[in-house]
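First the structure, in the form of structure tokens, and then the observations on it.
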Amino acid sequence: MPRRKRKTTVTAQIPSTVELTKLKSGNALQIEVRRGDELLGTLSMGRGSVEWWPRGNKTHILRKRWRAFADMLDEHMK
């Protein structure tokens, strides 16, 4: 029997007003990434940094300032 592929979904939790440039505004763009019903992780984008929170993990996150995040992506593209 062939294995059925689970569809990956991406859901953004967007506050009514998104002002990511104000220092300590508390606003962040939260994006949940799921495969089927399984949460793969949450991407959080704010004024100063980008964070990847893997599922079920509240202590070990990938946090990068925007410049370092861009450098990481550039390096990955090489």
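Here the sequence shown is numbered in my numbering, starting from 1 and rising by one per residue.
For each residue, glycine too, the CB sits at the ideal point set by N, CA and C.
On a predicted model such as this, the values are computed, not experimentally measured, just so you know.
Given that a residue counts as buried once 16 or more other Cβ atoms are within 10 Å of its Cβ, and exposed if not, what is residue i?
i	result
Trp80	The structure shown does not extend to residue 80, since the chain is modelled only from 1 through 78, so no value can be given for it.
Val50	buried
Does the distance from the CB of residue i to the CB of residue j come in under 8 Å?
i	j	result
Leu29	Met45	yes
Gly48	Arg65	yes
Ile31	Leu39	no
Gly36	Arg6	yes
On the DSSP bridge list, what partners appear for residue i?
i	result
Met45	Leu29 and Val50
Ala70	Answer is none; Ala70 lacks a bridge partner.
Lys5	According to DSSP, which records beta bridges pairwise, Lys5 is partnered with nothing at all.
Arg34	Thr9 and Leu39
What does the alpha-carbon distance come out to for the pair residue i and residue j?
i	j	result
Ala12	Arg34	11 Å
Thr9	Leu73	22 Å
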